[in-house]
Amino acid sequence: MLITQAPKGTQDVLPAESARWQAVESNMREACRLAGYREVRTPVFEHTELFLRSVGDTTDVVQKEMYTFLDKGGRSVTLKPEGTAGVARAFLEAHLEAGALPMKMYYISCPVFRYEKPQSGRLREHHQLGIEVFGAKDASCDAEGIRLALDVLAASGIRGLRVSINSIGCPNCRAAYLEQLKNFLRPRLPRLCDTCRDRFERNPLRILDCKVPSCQAELTDAPDMLGALDEDCAAHFESLKASLNALDVDYSVDPRIVRGLDYYTRTVFEIITDAENGPLTVCGGGRYDGLLKQLGGPELPGFGFGMGVERVLMVQDMMGVRPPEAPVADVFLAALPGARLEALKLLRDLRGAGVACDMDHAARSLKAQFKYADRLGAPYVTVVGGDELARGALRLRDMRRSAEEEIPVSEFIPAIRKKLAGEGAGV
RNA sequence: GUGGGCGUAGUUCAGCGGUUAGAGCGCCAGGUUGUGGCCCUGGAAAUCGUGGGUUCAAAUCCCAUCGCUCACCCCA
74 MLITQAPKGT
84 QDVLPAESAR
94 WQAVESNMRE
104 ACRLAGYREV
114 RTPVFEHTEL
124 FLRSVGDTTD
134 VVQKEMYTFL
144 DKGGRSVTLK
154 PEGTAGVARA
164 FLEAHLEAGA
174 LPMKMYYISC
184 PVFRYEKPQS
194 GRLREHHQLG
204 IEVFGAKDAS
214 CDAEGIRLAL
224 DVLAASGIRG
234 LRVSINSIGC
244 PNCRAAYLEQ
254 LKNFLRPRLP
264 RLCDTCRDRF
274 ERNPLRILDC
284 KVPSCQAELT
294 DAPDMLGALD
304 EDCAAHFESL
314 KASLNALDVD
324 YSVDPRIVRG
334 LDYYTRTVFE
344 IITDAENGPL
354 TVCGGGRYDG
364 LLKQLGGPEL
374 PGFGFGMGVE
384 RVLMVQDMMG
394 VRPPEAPVAD
404 VFLAALPGAR
414 LEALKLLRDL
424 RGAGVACDMD
434 HAARSLKAQF
444 KYADRLGAPY
454 VTVVGGDELA
464 RGALRLRDMR
474 RSAEEEIPVS
484 EFIPAIRKKL
494 AGEGAGV
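So the first sequence is numbered by our numbering: it starts at 74 and just counts up by one.
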């Protein structure tokens with residue numbers, strides 16, 4: 074039994090996996106650079122009050138999933154359960170509304186925490202990539218964000234995802250719709266399932282998404298939100314669809330997309346794939362025009378999304394997308410006894426010339442050093458020492474071709490660089 | 001929070017009442033005293049998750065507990 078164990082619902086990213094993370098992250102950075110987003114980093118924890126007022130104090134996320142605790146000063150703080158609130162707070166605190174608007178920001182592999190029972194694709198700590206834009210009211214902003222998310226996924230080798238969009242209107246038309254929906258449901262309540270009856274007061278929109286067939290049967294004539302949008306919200310939704318078309322985004326309108334965070338207005342969307350156990354959302358987001366005002370700031374619109382890094386990697390696995398493994402070292406220096414200091418000097422010279430190289434640090438036999446080099450994936454191993462070194466040369470072994478040659482020390486670095494440059498072209 | 005499944009070498013698993021608990025892969029060593037991968041030989045490695053109970057006898061049956069995992073809820 075090990076004396077240590079990672080906390081429930083957490084995952085280590087071990088050296089063998091970290092390159093995959095970095096690849097997704099660099100795809101995000103590049104897409105954001107091209108689209109004029111700049112990185113923002115905010116604290117891992119915030120005042121609990123921030124989430125109560127943004128995410129919403131009646132949501133499941135706030136009511137039962139937050140990591141909330143008192144610090145030693147008696148302040149209630151919470152590990153962030155999502156990315157938007159902290160960025161909104163930072164935007165307001167730094168008075169970025171006084172600068173150029175819209176302000177387009179992104180974040181990379183931001184840890185987020187939710188106290189849930191872990192299962193496939195769901196962790197207590199996971200990481201999100203995302204964007205937040207403040208001060209852009211047009212639906213072209215929403216479409217641009219969705220396009221960006223798809224571009225990041227495509228660059229990460231993932232295709233064939235479904236984009237589902239919906240509009241949940243503004244507080245005015247949504248309130249009217251909810252009344253309409255509840256009036257429709259009230260007489261049918263006895264025939265709905267237990268969870269739906271529970272949802273009636275808490276979150277009636279969710280009932281539309283119930284998977285129980287008998288509930289679905291009751292809902293065939295239910296009013297939908299899209300039909301209840303007011304004029305401005307309907308126009309915004311039409312504009313969103315036109316913008317997505319302009320950006321070549323294939324989407325479908327899904328009136329059941331709701332989202333579990335209170336701050337959303339108008340546009341909500343999800344990017345979904347089919348996992349073994351059913352649909353899996355890899356990215357979700359939408360518009361939050363009332364958020365800054367609600368936090369005591371100016372009335373400025375907002376839009377953003379969060380993308381789950383672990384889920385993206387999961388989809389890559391499902392689709393067999395596996396980035397090629399880069400060797401840990403391009404050249405491994407296998408030192409013979411008595412030549413370790415020579416090897417160490419050569420190591421520094423090679424690195425100074427930009428060659429990734431490594432050597433043994435465990436006084437191992439030549440055989441063991443070769444074995445280690447092989448496991449690092451090193452394409453070249455150089456034997457340092459012995460007769461060759463005595464006459465001013467090094468023996469270079471090409472591990473894949475099992476061929477060896479002797480190179481004078483003075484020509485060694487240019488020679489190895491030339492070989493590696495050839496590799497780069499071939500790959 | 002509710003409900004399933006599973007805990008046996010580093011790992012994937014077999015064994016499911018009866019001597020000293022096995023295998024594949026991995027690991028270490030040797031075959032090759034200056035050379036990896038393949039092959040051969042040998043070796044190390046398990047208080048059978050933990051605690052209690054039943055039994056002449058428990059990895060195996062029962063109970064509890066902890067852990068992992070999957071689904072619901074919700075979400076990335």
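In this text, a Cβ means the ideal position worked out from N, Cα and C, and glycines have one as well. If you're wondering where the values come from, they're calculated on a predicted model, not measured in any experiment.
The Cβ-Cβ distance between G377 and I241 does not fall below 8 Å.
Three or more Cβ pairs closer than 8 Å define a contact, and the stretch 386-406 falls short of that threshold against the stretch 210-219. Taking the C-beta atoms as reference points, G370 is found no nearer than 8 Å to E155. Our two residues, L202 and G82, have alpha carbons roughly 19 Å apart in a direct line. Around the beta carbon of Q389, 16 or more other beta carbons sit within 10 angstroms, so the residue counts as buried. For Q289, the CB contacts under 8 Å within the same chain, skipping 5 residues up- and downstream, are C283 in chain order. L196 has its alpha-carbon roughly 7 Å from the corresponding atom of E189. For S237, the uninterrupted beta strand (DSSP E) run begins and ends at 235-240, by DSSP. Looking from the CA of V225, the closest CA among G363, D294, V326, A96 belongs to A96.
In the DSSP assignment, D305 falls within the unbroken alpha helix (DSSP H) covering 304-319. From the listed residues F310, L417, R270, R437, the smallest Cα separation to C430 is found for L417.
The DSSP assignment places complete alpha helix (DSSP H) segments of no fewer than 4 residues inside the stretch 394-451 at 413-425, 439-449, in order along the chain.
Membership of V117 in any alpha helix (DSSP H) is not indicated, and neither H nor E is assigned to it by DSSP. For F164, same chain residues with a beta-carbon under 6 Å away, outside a window of 5 residues either side, are F207 in chain order. Listed as beta-bridge partners of G381 by DSSP are Q201.
Measuring C-alpha to C-alpha distances from K492 to each of V482, P481, G465, Y453 identifies Y453 as the nearest. DSSP lists no bridge partner for C246. DSSP places A212 in no beta strand (DSSP E) but in the uninterrupted alpha helix (DSSP H) bounded by 212-228.
Of the residues A408, L423, A426, the one whose Cα lies closest to the Cα of A435 is A408. When beta bridges are read from the DSSP output, A476 appears opposite D471.
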